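Scroll down for the structure; my scribbles are underneath it.
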Amino acid sequence: MVEVPSEKMSPATTPVFEPRIVALLCHYCAFAAADMAGVMRLQHSPNIRVIRLPCTGKLDILYLLRAFEEGADGVMVAGCEEGSCHFVKGNLVAKRRVNFTKGLVAQVGIDPERLRMYNLSSSMGPRWAEISREMIEHVRSLGPSHLRREK
Amino acid sequence: MIVAKQKPFETIYGMVAPNKRIMLAGCGSCVTVCFAGGEKEVGILASLLRMRAQKDRKDLDVVEATIKRQCDVEFIDELKPKLDGVEAILSIGCGAGVQYIAERFGKTIVLPGLDTTFLGVTEAMGVWTERCQGCGDCKLHLTAGVCPIARCSKSLLNGPCGGSMNGKCEVSADTPCGWQLIVDRMEALGILDRYEQITPANDWTASRDGGPRRIDREDLHEIK
Amino acid sequence: MATLAINGITVTADEGATILEAAESAGINIPTLCRHRAMLPTGACRICMVRIEDARGPRLVASCVHPVQDGLKVETDTDDVREARRMVAELMLARCPDNAAVKEIARQTGVADAAWADRGEPDDCVLCGRCVEVCHDVMKVGAIDFNGRGSARTVRAPFDEASPVCQQCGACAFVCPTGKIRPDGLWGHRPGPLREPFEEGLGCRPTINRPFPSAVPSIPAIDRGNCVHFKTGQCGVCQKVCPAGAIDYDEAARERTLEVGAVVLSPGFRRFDPSGLGELGFGRFPNVVTSIQFERILSASGPTMGVVKRPSDGAHPRKIAFLQCVGSRDRRTHVYCSAFCCMQATKEAMIAREHDRGIDPTIFFMDIRAFGKGFESYFNRARTETGVRYVRSQVSSVKEVLGSRNLLLSWVDPVAGRRTDGEFDMLVLSVGAEPSPEGIALARKLGVALDEHGFCRGAPFEPVGTGVEGVYVTGMFSGPKDIPETVSQASAAAGAVASYLHEARGTEVSKREYPLQKDVASEEPRVGVFVCHCGINIAGTVKVEEVEKFARTLPGVAHVERSLFTCSQDSQQNIKKRIAEKGLNRVVVASCTPRTHEPIFQETLREAALNPYLFEMANIREHCAWVHQAVPDEATVKAMELVAMTVAKARMLGALQTTSIPVHREAIVVGAGIAGMTAALSLSGQGFVVHLVEREGELGGLGRRLRTTLRGGDVRAHATLLSDAVKRNDRIRLHTGAAPVSMGGHIGRFELALSTGAKVEGGVIVVATGGREHKPAHFLHGEHPRVLTQLEIEERGGVDVPDGGNIVMIQCVGSRVPERGYCSRVCCSQAVKNALAIKKKHPRAGVTVLYRDIRTYGLYEEAYRAAREAGVVFLRFEEDRQPDVASEGDRLSVIHHDAEFGANVMIAADWLVLSAAVEALPENRALGEVLKVPVMDDGFFLEAHAKLRPADFASEGIFVAGLAHGPKNADESIAQALAAAGRAGIILSHDTIEANAVVSRVDEEKCISCLTCVRICPYDAPAPRADGTVEIPAVKCQGCGLCAAACPGKAIQLGKFKDEQVEAMITAFGGRQ
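Protein chains in written order, with this note's numbering: chain A, 228 to 378; chain B, 170 to 393; chain C, 3 to 1075.
Below, the structure written as C-alpha cells:
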C-alpha cells in the first residue's frame, strides 16, 4: 500500500499575512471588555496591541496618525456604547475625530477602512473577542499597509 | 482674529515634494484658534506629509516648530536654530506670517500652507464667520453695529439689493442678508429711522484700493 | 540540594526533584505530553527524553521521572535526543494521526508525517494510562483499566459495559493529554451538568467557581455538595495543581460579632417562581422562560453570549411573546404591582430586536406602567420605532405545539373582540418580585414590623424608616421599585444613618502613614520590570523567561525579575526591596489587568517612598496569555511588545500629586418645599450649617396645598412640621424671597449671590426647587366652576356630591401628550386616592375615572383594587379619542369614547376632576444656567445618571431632589432629598477634598485662550483667568482628557496619559525605543 500524506498533515506553505493592529481602548468599557474576554478565555489571534486611554475622548488625532506612521496595518478605537460614556460625551467626540482622521489618511494613500471605531460596554467580553477577530480579518483582507515596517 | 484654512493637502505636498528636509512652522495666535496652523495642526500635517512621501518612496524630513506669533521677528528668530539643513519652510501662519518669515530668512524658500480667508469670529465650536474686511473706514456706528461692507455680499451701503429673500442673501441660502441684519437690529434698538439716512460712498482709498497700507506711530518708535 | 549542568548551564535543584523540574526552573523547555501536575510522573509517553551522563556513561532517560543528582550532565537538545523524540512522536502520530495534542507534539519535534502506516482505525489514545492511574490511585475508584494487548490495547470499564462504580467525577478526562476519554461513555449516560444559578439554570458551572462574574471578593470557592473530596475524602487534585497553594480544605465558616450604631436592611427580593402557575407551562415547556432568564440570554456574557437562542433546540426565535404581571396584580399570587416589569419587558424586547432584527416581539399586558423618568418616551420608541407590538389582553392558555415545541397562545383580541390564537417560538414570563424569606427572617430578628406581603414599608414620610430606632431599610425590601428609586433610597438610608450617628462620624478611622516620597524628576529613568507567571496562567502560554530576557535589552531598564505571583505578599516585599537596592524610580509589572491590580502595586510604591504614578502595568494575562493559548510563540512576541510599549511609557512617567482643597463645611439648599426642607434638616442633623434659599416668602411649596397621601399621611401637617423644625433649627439660615443669580467657586466652596443681594457660601449645593401642577386650558377648566384639578379639590378639602350624583375624573390631562411627552407618575394614585375619599364620604355617589393606563405602580395597586371594590368605575379611552365635555348650567356632561366597548358613553357629572400634569418650573432654565447644571427639554433637571446617580448632578458637589428632578410623590421626594443630603454629607464630612491626581493641566505659556477646552468640558471645569489663560481646577477635573485631545495649541496635558507617554507607546509599537 502506498502511503499518501494526508492533506491535513502537510504544513501550510503560503504564509498568511499577519496584520499589526493598534487598539486604543477606553478604560471603562472596551478595556474592561477585553479583560473579560480574557477571563472567559475567548481565543483570537494575537495581532492587536492595546493602549489604554481614560476615555476615548482622550483620543488625539495624532495618536491615530502616529500609529499608521509606525506601520500599523490597522488602528481600532473602542469606547463605550453611545449614550453610556463614563464622561458624558467622550465617545461621541472620538467618533467625530475618527471620521475626520479617515479623511486625512485617505489623502496619504492609507485606506480609511484601516481605521475603525467600535462601541461596547464593559460586560461585553464576547463582543470584544468578536470585534477583534472581525478587525483582524478585515485588515488581513486589506493587506499590509505601505508604511509597514518589517521587524 | 484672522481666520484661515489649510490648503488642499495635495497642493501642499506638491509644494514641498521637491525638498528633502523642510521646516513646518506653526503660529500660536489666530490660526491656532481657528484650528488651521497651531501646534496640533503642525503635528497632523507633518505626520501626513511624512506618510505621503513614504508612499512615493521619497525621503522627507519634517522639522516641526510652532512659535508664538509669526508676525514678530523676535519670535521668528526662535526658528533659526532649527533651520540646519532645511531647504524650505512651510508656514501655516497667515499670509503675513509667511511673508515675514520669508523676509527674515532671505536664503530659504518659504511656502504657504494656508489660505488666509477673513477677519472673523468663532460662531460655534468649529464654525468661524466673517465680520470685518479691514476697509479702513468703519461705518458700524451708522449701521447699528452690523457691517454692510463685510456682511452684504455686494458691500452695499444703502439698503439691500433685490436678491434679499426671506432674510437670506441670493448668493447662498445659508448666508443671512447683511441688510436684513442691519434693519432687524435697528428695529430692535428703536432707531429704524436711521435706515432712511443716505450713507455717502465709501472712501476706498483707505482700503486696498489705496495700495499697501501702513500705520506709523512715531511716539512708539524705538529710541536708538 | 543537587548541582547539575543542563546544556552547560549550572542548575541547582532540590534533592528528589526531577530533571524536568530542574530544567523548567532554569527556563529550559522540554516537551511533555503525559505529564500532569495532579499525579506523580510515570514516564509513559517518553517525549520528554533527554541525554544524561553520569558514572554509568551517557544514555537517554525520561526527564519527568529521572531524579537529579549532584554532578549530573544533561543535554536536552542534542541530535540523539531530537532523534529519540522524533521517533516517539512518529509512533504516536501513526496511532493518532488526527489528534490535535499529538500533532502539536509532532510539530514541536519537527515530525511532518508518520513514517509508519496505520495499523487500524485512527485513535486518540496514546495509552499513557494516566486515566487509569487517576481513577485508581487518586480517586480510589478503579472504574477503568487497560484491556487487550498490543495494538488492540484500550482503556475500558470491565466487560466494556457501563461501570456501576464510576462516580462521573471526570478526573480521567481532566488528566487525559489527548482528550480521548470521556466520562459519559463510561457511565452509560451523560452526567447532568451543575446548573449555574447566576445564569438562572441556563448555563452550567464547575465545582470550583465564582458565584458570579462581578462578585466581591472575586475569589472562587468549592461547591462542597458536589466536590469529590468533600464527599469521599479522595481526589485533592485542585490542591496539587494550585501553584499558589491557595486551596484549604479545612477552612470553615466563621462567625463574627460587629458592634454597630445602626443597621441598614437591604436584603433585596426574590423573583416570583412561576412553576406554580401550571397553565403557563413554565418548567414543562422548555421554550417558556422567565424574564430574568431572558435577561441572561440577552447578556453578552450570558450562556448564549448574547445570541438570542431558545432553550429547546438553540434555534433563533422569530416570534417572542412576553406575558406581563406573572405573579403580580393577581389574586392567586400577589395583588401588588411589581413596578419594574413593564419597562423590563420593553427593554428586553428592544434589545432582542437590536441583537436580531428578525425577532418580532409581542407584549401582552394589562396596563403599561411607564411611569418613571424618561420611561414614557422609551415605551413610545419601542412601539412606534422599534416594532415592539403591545397587546392589551390577558393570555388565557399556553399550549406546546408537538414537534416544533413552539407555543400556542390564546387571547381575546382587544380590537376585534374575539378569541385569537397565535403561535410563538418562545414565551417570556415577566415575573414579579416578592420579599425573600431570608429578608423576612432578618427583619423578624430585629423586631421590624412587616406588612401582609412581607415588605418593610415604614411610616408615611419615612421612606427609609422601619419603626425601630437605628434600623433603616432600602431597596425592594421596602416595596417593589425600579433601580433609580432603589439607589435613591439607598443613599437616603446612608444619609439618615449619617444624621443619626453624626457624633460618631470619623471616630474609628485610622490614617495610613507613608514614607516621604523621593523626588525622581531629575533622575535618569531606572525602570524595574517585574514579569509575573501568575502560576501557569501566564507562564503556561507566554514564555516568561524570554520576556524577561527581552526586557533586559530595553533602554532605561535597570532591573528585571520574574515571580510566580507578583501580587503575593512576599513578591510585594521583594519589589520594595529591589526599589531600594537598585535605585529604581519607575516600576513596570507585566501581569494582569490594571483595573484590579494597579492600586495594589501603587500602594507598594508608596510604601517604598515612590510616587504611585511612577507605575505602569502591561496586561499579558487577560489581553494575551488567556486569549492566545494555542499560539504560545506569537503570544510571547505579543507579551514582549506589550512590555516594550509599557516600558517606553514608564520612562516618560512623572510624579503626580493629588491636590487637596479645604471644604467649607456648610451646605446650600435651594428650594424650601418638602424636599428642600427634608434635605436641609438632614444636613443640619449631620452637624452642618445649612443656607436654605426659598424663592417665595413662605416655606412648604406644593406641600402646603396637598392634603393626604394614598397611605394616609397628612401632607400639609408634615409640611408644617418641617417648616417649624426648619425655623427652630439654629443651624439652618433661611433666605426667603431669594433666588440665586450668580455662582462662583466649585465643590468645597461655592459662592452663591442671591437676588436679595445676600451672598451664601457652601461646600455643596442641593437643588430642590420643586414643580407645579399644569393649568389645563381645555375640558372647560377655568370656565366652569365645577371643573377642577385634583390639586384644586384637595385644596378645597374635597367636594360634595349629592346621593345618586356623579363625579368624573379624566386622567393624563396634559401628560403623555405631544407638548409634555412624559407620564406625571403621581396622578393615577392621586385620582384613586381622591376617588376613595369621595366614596368614603358619599358612598352613594358615582365615581368614574376615565384613563389611558392605570399606573398605580408598586404597592399603590392595593388602593386601585380597593377603589374598584368600593365601586369606582374605571373606563379606558384611547390616546386619540379624548373625552368631550359639555355643560348646561351647573350640569356637566362627559362623552367618553370607550376603548373596550368601542361605543360612546355619556356620563352626566356634578363635578369633573382633571388629573393635570406635573410641570417643571420655568425658572429651572435660569437656575440651570447659574449653577451650570443641565435642564432637559421638558424643563426638569438632568441627573448625572438616570439609574445609578439619581440625586447627583454630573458637576461635582451639586445634587438634586424632589419635583425639580421629575414627577414623584411625597415619599419619593423625601427619599431623594435624604439621598441628596446623604451624598452631600459625604463631602462635608471631610476637612479637605482630595482631588484626583490624574487631571488635565494647562501650560500657561502655550495657552492662547481659544476656549476650546471651556466649551468641550462636560464638567465645566476649565475657566478663563484674569490674565486670559485658562485654568482647570483639579477638584473639578474628572480626568477624561477630552480637553487635552482637543486643544489646538497642545497646551493641555492629562497626567498619566500625556501625549509624550501615549506616543512613546505607539513608537515602541513600531519597534523604536
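We put the CB at the ideal spot given by N, CA and C, even for glycine.
Keep in mind the model is a prediction, meaning the values are calculated, not measured.
Which term fits G317(A), buried or exposed, when burial requires 16 or more other beta carbons within 10 angstroms of its beta carbon? Counted from its first residue, the first sequence places residue 317(A) at position 90. Buried, because 16 or more other Cβ atoms sit within 10 Å of the Cβ of G317(A).
According to DSSP, is G891(C) part of a helix, a strand, or is it coil? Position 889 of the third sequence holds residue 891(C). G891(C): coil per DSSP, three-state reduction.
Any beta carbon from chain C within less than 8 Å of P353(A)'s own beta carbon? By 1-based counting over the first sequence, the position of residue 353(A) is 126. So yes, P353(A) belongs to the interface.
Any C-beta of chain A within less than 9 Å: which residues of the region 823–844 of chain C qualify? Under the 9 Å Cβ criterion, the region 823–844 of chain C contributes no residue.
List the residues of chain B whose Cβ lies closer than 7 Å to the Cβ of K1052(C), in chain order. As a working note, residue 1052(C) is residue 1050 in the third sequence. Neighbours of K1052(C) on chain B, chain order: E208, K209.
V533(C) at chain A interface by Cβ criterion, 8 Å: In the third sequence, residue 533(C) corresponds to position 531, counting from 1. With 8 Å as the cut-off, V533(C) does not count as an interface residue toward chain A.
Taking 8 Å as the cut-off, does the region 961–979 of chain C touch the region 647–667 of chain C (at least 3 CB pairs, one atom from each stretch)? The region 647–667 of chain C, when compared against the region 961–979 of chain C, does not touch it at the 8 Å Cβ threshold.
Buried versus exposed, by CB contacts within 10 Å (16 or more), I360(B): As a first step, residue 360(B) is located in the second sequence; it is residue number 191 there, counting from the start. Under this definition I360(B) is an exposed residue.
Assess contact between the region 1062–1072 of chain C and the region 978–997 of chain C, defined as three or more Cβ pairs (one per stretch) separated by less than 8 Å. Is contact present? The region 1062–1072 of chain C vs the region 978–997 of chain C: no contact.
For V70(C), tell me which candidate among D82(C), E85(C), I54(C) has the shortest Cα-Cα distance. Looking up residue 70(C) in the third sequence gives position 68. By alpha-carbon distance to V70(C), the top candidate from D82(C), E85(C), I54(C) is I54(C).
Could you tell me whether any Cβ in chain A is nearer than 8 Å to the Cβ of E440(C)? Locating residue 440(C) in the third sequence gives position 438, counting from the first residue. Judged by the 8 Å Cβ criterion, E440(C) is not in contact with chain A.
Residue ranges of each alpha helix (DSSP H) within the region 1001–1068 of chain C, 4 or longer: The region 1001–1068 of chain C contains these whole alpha helix (DSSP H) runs: 1014–1018, 1044–1048.
Between which two residues does the alpha helix (DSSP H) containing S501(C) stretch? Reading the third sequence from its first residue, position 499 is the one you call residue 501(C). According to the DSSP assignment, S501(C) belongs to the alpha helix (DSSP H) that extends over 485–502.
Helix, strand or coil for Q813(C) per DSSP? For this step, residue 813(C) is matched to residue 811 along the third sequence. DSSP places Q813(C) in strand when its eight states are reduced to three.
Can you give me the C-alpha to C-alpha distance between M236(A) and I107(C), rounded to a whole angstrom? Position 9 of the first sequence holds residue 236(A). Position 105 of the third sequence holds residue 107(C). Low confidence applies to M236(A): its pLDDT is 38, below 50, so where it sits in the model is not reliable, and the reading given next is rough at best. Computed Cα separation, rounded: 13 Å.
Below 8 Å, how does it come out for the region 928–936 of chain C and the region 819–837 of chain C: are there three or more Cβ pairs, yes or no? The answer is no - the region 819–837 of chain C does not touch the region 928–936 of chain C, with fewer than three Cβ pairs under 8 Å.
Against R341(A), what residues of chain C qualify as contacts under a CB-to-CB distance less than 7 Å, listed in chain order? For the purposes of this step, residue 341(A) is taken as the residue at position 114 of the first sequence. Near R341(A) there are no residues of chain C at all, since even the closest Cβ is about 15 Å away, more than 7 Å.
Which bits of chain A does A865(C) rub up against, with CB to CB less than 7 Å? Counting from one through the third sequence, the residue named residue 865(C) turns up at place 863. The contacting residues do not exist; A865(C) stays about 36 Å from chain A at best.
Cβ of L369(A) within 8 Å of Cβ of R341(A)? Against the first sequence, residue 369(A) aligns to sequence position 142. Against the first sequence, residue 341(A) aligns to sequence position 114. By the CB criterion at 8 Å, L369(A) and R341(A) fall inside the cutoff.
Please list, in chain order, all residues of the same chain as A1048(C) whose beta carbon is under 6 Å from its beta carbon, the five residues on each side excluded. For the purposes of this step, residue 1048(C) is taken as residue 1046 along the third sequence, with counting starting at 1. Non-local C-beta neighbours of A1048(C) in its own chain, meaning closer than 6 Å and more than five positions away in sequence, comprise T1014, I1018, ordered along the chain.
Could you check whether the Cβ of G306(A) sits closer than 8 Å to any Cβ belonging to chain B? As a position in the first sequence, residue 306(A) is number 79, starting the count at 1. Output row for G306(A): interface = no.
Could you tell me which whole alpha helix (DSSP H) segments of length 4 or greater appear in the region 225–280 of chain B? Within the region 225–280 of chain B, complete alpha helix (DSSP H) segments of at least 4 residues are found at 242–245, 264–273, given in chain order.
Would you kindly report the start and end of the unbroken alpha helix (DSSP H) that includes C98(C)? What you label residue 98(C) is simply residue 96 of the third sequence in a count that begins at 1. No residue range can be given for C98(C), since it is assigned to no alpha helix (DSSP H) and is classified by DSSP as neither H nor E.
Quick one: give me the first and last residue of the alpha helix (DSSP H) that Y380(C) is part of. Working through the third sequence from its first residue, we reach residue 380(C) at position 378. Where Y380(C) is concerned, the enclosing alpha helix (DSSP H) stretches over 377–386.
Exposed or buried, G18(C), counting other C-beta atoms within 10 Å across all chains shown (16 or more means buried)? As a working mapping, residue 18(C) is identified with position 16 in the third sequence. Exposed.
Validate contact between the region 270–284 of chain B and the region 241–259 of chain B using beta carbons, cut 8 Å, 3 pairs: Flag = yes, the region 270–284 of chain B and the region 241–259 of chain B touch.
Please compile the residues from chain B whose C-beta is within a distance smaller than 7 Å of the C-beta of I1081(C). Outside the modelled stretch of chain C, which goes from 3 to 1075, sits residue 1081(C), for which no answer is possible.
Of the residues that make up the region 355–369 of chain B, which ones have a beta carbon closer than 8 Å to any beta carbon in chain A? Cβ contacts with chain A come from no residue of the region 355–369 of chain B.
Whose CA, out of I224(C), R192(C), V1032(C), V218(C), lies closest to the CA of R207(C)? The residue you call residue 207(C) lines up with position 205 of the third sequence. Of I224(C), R192(C), V1032(C), V218(C), the residue nearest in Cα terms is I224(C).
Among V211(B), E365(B), L280(B), V290(B), which has the Cα closest to the Cα of V172(B)? Within the second sequence, numbered from 1, the residue matching residue 172(B) stands at position 3. Minimum Cα-Cα distance from V172(B) among the listed residues V211(B), E365(B), L280(B), V290(B) corresponds to V290(B).
Between V851(C) and M908(C), how many whole angstroms is the CB-CB distance? I'm expecting something under 8 Å. Counting from 1 along the third sequence, the entry for residue 851(C) is found at position 849. Counting from 1 along the third sequence, the entry for residue 908(C) is found at position 906. With a beta-carbon spacing of about 16 Å, V851(C) and M908(C) fall beyond the 8 Å limit used to define contacts.
What are the residues in the region 1017–1045 of chain C lying within 9 Å of chain B by C-beta distance? Taking a C-beta cut-off of 9 Å against chain B, the contacting residues of the region 1017–1045 of chain C are R1017, I1018, listed in chain order.
Measure the alpha-carbon distance for Q571(C) versus P124(C) and round it to whole angstroms. On the third sequence, position 569 is the one that residue 571(C) refers to. On the third sequence, position 122 is the one that residue 124(C) refers to. A direct Cα-Cα distance of roughly 50 Å separates Q571(C) from P124(C).
Can you tell me which of the three DSSP states L374(A) falls into? For the purposes of this step, residue 374(A) is taken as residue 147 along the first sequence, with counting starting at 1. The answer is coil: DSSP assigns L374(A) none of H, G, I, E or B.
Buried or exposed, going by whether 16 or more other CB atoms sit within 10 Å of the CB of I602(C)? Start at 1 with the first residue of the third sequence, and residue 602(C) comes out as number 600. Exposed, by the Cβ-count rule.
Spatial distance of T240(A) from F295(A) (CA atoms): For the purposes of this step, residue 240(A) is taken as the residue at position 13 of the first sequence. For the purposes of this step, residue 295(A) is taken as the residue at position 68 of the first sequence. Interpretation of T240(A) is limited by its pLDDT of 47, a score under 50 that renders its predicted location unreliable; no figure is taken from the coordinates.
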